[in-house]
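Structure first, then comments.
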Amino acid sequence: MIDIHCHILYGADDGSFSLEETVKMVKIAEQGGTRAIIATPHSNVPDLYQNHWNTEFDLKIELINKALDENGIDVKVYKGQEIFCAGRFAELLFTGELITLNDSRYPLIEFDFYENSRTAYSRLSRLVAKGYVPIVAHPERYEFVSEEEDAAMKLKEIGCLLQINKGSLSGAFGREAQKVAHRLLEDSMADFVASDAHSPYMRTPFLANVRDMLSEEYSPDYARLLLNENPMHVLKNKEILTY
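Heads up: the sequence shown at position 75 corresponds to 77 in the working numbering, and the numbers run straight through without jumps.
Below, the structure written as structure tokens:
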């Protein structure tokens, strides 16, 4: 499996606090069957995490992969960001101060949980017009997706992809997010499931349980698409498959 949303870039946000903690998180991911992870620190979050990409972050990715190799952990970590869709996000992405997932056409985009839907559609459309294919992080947690029946379809019509959180499917973010997450799966609207892991203790990157649940409740083919095939296409900058 490949995890496209994981807060393992240490010292960058509310995820891993140290290289040692990152190694623990990746070891857990490996035990759950994950073989590649895209590190996605929060970025462009007003008054909190700016995290404009720089050589320090590139060095951290190198150090993480070196530490994994030294510890015999067979997982590769790639660079990326979870970009908060506000302010000058588009200009910063266009100039390379914010980055896509593994230098692909796919930026991982998050919103305020109470974002206005029309604002969200407008901002995402700017990215699509420039040739990007936005991956909307955890849409099931946004009020407008929950309350507006056609919101997910509108996101897809704009040209976006949808990434569901592992925890949403088990109810970790509340009943409403759980309901919406399963509705997206039932309607074949989801393109990815990822861990959105923040710690080796809670919200971990262990994905085996969600893979088994998806296989049993939906289908093994859909589970592979969400956890293996589409994430691999992101890493290789290829077109995403539909179910």
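Where is the CB? At the ideal position from N, CA and C, for every residue including glycine.
Query: Please list the segments of the beta strand (DSSP E) lying wholly inside the segment 48–135, counting only runs of 3 or more residues, in order along the chain.; Result: 78–81, 84–86, 110–112
Query: Is it buried or exposed for valine 130, if we count other Cβ within 10 angstroms and need 16 for buried?; Result: exposed
Query: Measure the alpha-carbon distance for leucine 164 versus asparagine 230 and round it to whole angstroms.; Result: 15 angstroms
Query: Is it a yes or a no for the segment 49–67 touching the segment 7–21, going by three-plus beta-carbon pairs under 8 angstroms?; Result: yes
Query: I believe threonine 206 touches isoleucine 30 by the beta-carbon criterion, under 8 angstroms. Please report the beta-carbon distance rounded to the nearest angstrom.; Result: 5 angstroms
Query: Give the single residue among Asn104, Glu142, Glu188 whose Cα lies nearest to the Cα of serine 217.; Result: Glu188
Query: Kindly give me the distance between the Cβ atoms of leucine 95 and isoleucine 85, rounded to whole angstroms, as I take these residues to be in contact under 8 angstroms.; Result: 7 angstroms
Query: Applying the criterion that 16 or more other CB atoms from any shown protein chain within 10 Å of the CB defines a buried residue, is glutamate 2 buried or exposed?; Result: In the structure displayed, the chain extends from 3 to 245; residue 2 sits before or after that span and is not available.
Query: Quick one: residues in its chain with C-beta nearer than 7 angstroms to the C-beta of glutamate 178, no 5 flanking neighbours on either side, listed in chain order?; Result: Ser148
Query: Go ahead and label threonine 24 buried or exposed: buried means 16 or more other beta carbons lie within 10 angstroms of its beta carbon, across all protein chains shown.; Result: buried
Query: Alpha carbon to alpha carbon, how far is arginine 90 from proline 43?; Result: 18 angstroms
Query: Determine the DSSP secondary structure at aspartate 223, reduced to helix, strand or coil.; Result: helix
Query: Could you have a look at phenylalanine 146 and say whether DSSP puts it in helix, strand or coil?; Result: helix
Query: Curious, which full-length alpha helix (DSSP H) runs of at least 4 residues does the segment 10–52 contain?; Result: 21–33
Query: Should the segment 211–226 be regarded as contacting the segment 38–58, the criterion being three or more beta carbon pairs within less than 8 angstroms?; Result: no
Query: Give me the Cα-Cα distance between isoleucine 137 and leucine 209, rounded to the nearest whole angstrom.; Result: 19 angstroms
Query: In the DSSP assignment, what residue or residues form a beta bridge with asparagine 232?; Result: DSSP lists no partner for asparagine 232.
Query: Have a look at Leu171, Ala88, Met155 and flag the residue whose alpha-carbon is nearest the alpha-carbon of aspartate 198.; Result: Leu171
Query: Using CA atoms only, rank isn't needed, just tell me which of Lys26, Lys240, Val28, His54 is closest to valine 135.; Result: Lys240
Query: Hey, quick one: how far does the beta strand (DSSP E) through alanine 196 stretch, first residue to last?; Result: 194–196
Query: Would you give the residue range spanned by the beta strand (DSSP E) that histidine 200 belongs to?; Result: That residue, histidine 200, is in no beta strand (DSSP E); it is neither H nor E in DSSP.
Query: I need the DSSP call for isoleucine 137, collapsed to helix, strand or coil.; Result: strand
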